[in-house]
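For the sequence shown, the numbering used here begins at 10 and goes up steadily by one.
Each residue gets a CB set at the ideal place from its N, CA and C atoms; glycine is no exception.
Accompanying notes for the structure given below.
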Amino acid sequence: MIRLDRTGARRLLGTATLIVAAALLTACSTPTVDERYKNARTVQWLEIPPDLISPAVDSNSGITPAANDLTDSIDAAYAALIVEHLGGFSLLLMEPFEQAWPLIEKQLAVAAIAIIEQNKTLGLLTLQPGGAKDKSLSPTQRLSLQQRGRHTLITVVDEQGQRSDSAAAFDLLSTLQKNLRRPPSAK
């Protein structure tokens with residue numbers, strides 16, 4: 010009888026394990042060919058049932074801006090999200106317009122940005138920077154608040170109502186978003 014020390018026994022056990030594993034794994038990789046396709050020279054096309062064939066699309070009614078397609082299934086950690094909308098950035102507030110208006114007024118006050126003029130019927134707030142970090146915001150920039158279903162879309166616009174995609178406009182949206190975090194209990 011052969012006596013093995015611990016190291017030899019471990020090596021023998023390891024080798025035996027590898028041999029058994031290799032034998033079992035090769036059995037798993039054996040290719041199986043269905044007898045129907047073994048000597049096939051052509052591939053048969055799949056038949057599409059008539060109920061799966063749809064007529065040509067006759068309208069583009071399914072094409073809508075991304076912000077309009079939001080549903081209640083959004084589980085965001087923020088009460089507001091910065092979204093790319095119509096080629097620029099906007100802030101999507103998860104509140105209806107009537108609740109969004111006072112929230113934005115409050116967050117502008119927190120950020121030390123003065124409101125020069127407000128027109129709630131048009132959804133426009135004309136802003137003037139007041140804080141040291143917001144001096145790059147020109148006084149002619151405005152926030153446009155628009156109702157989008159049960160949400161509010163907030164965009165920085167200039168005097169002509171055109172979207173402002175400047176760095177200062179993005180910083181303003183980012184500041185508002187950071188201040189509008191939901192408390193942990195509201196998730």
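Separation of residue j from residue i, as counted between CA atoms
i, j, result
"residue 104", "residue 88", "8 Å"
"residue 174", "residue 163", "13 Å"
"residue 96", "residue 172", "10 Å"
"residue 159", "residue 108", "10 Å"
"residue 24", "residue 35", "17 Å"
Residue i classed as buried or exposed, judged by whether at least 16 other C-beta atoms fall within 10 angstroms
i, result
"residue 186", "buried"
"residue 178", "buried"
"residue 161", "buried"
"residue 22", "exposed"
"residue 151", "buried"
"residue 184", "buried"
"residue 80", "In this predicted model, residue 80 has a pLDDT of only 42, less than 50, meaning its place in the structure is not dependable enough to derive any value."
"residue 165", "buried"
"residue 100", "buried"
Residue j beta carbon less than 8 Å from that of residue i
i, j, result
"residue 133", "residue 153", "yes"
"residue 98", "residue 181", "no"
"residue 61", "residue 189", "no"
Heavy atom of the ligand NAP within 7 Å of residue i beta-carbon
i, result
"residue 116", "Inclusion of the ligand NAP in the displayed structure is not the case, the ligand content being empty and no account of it being possible."
Which runs of the alpha helix (DSSP H), 4 residues or longer, sit entirely within the stretch 99–139? 106–119
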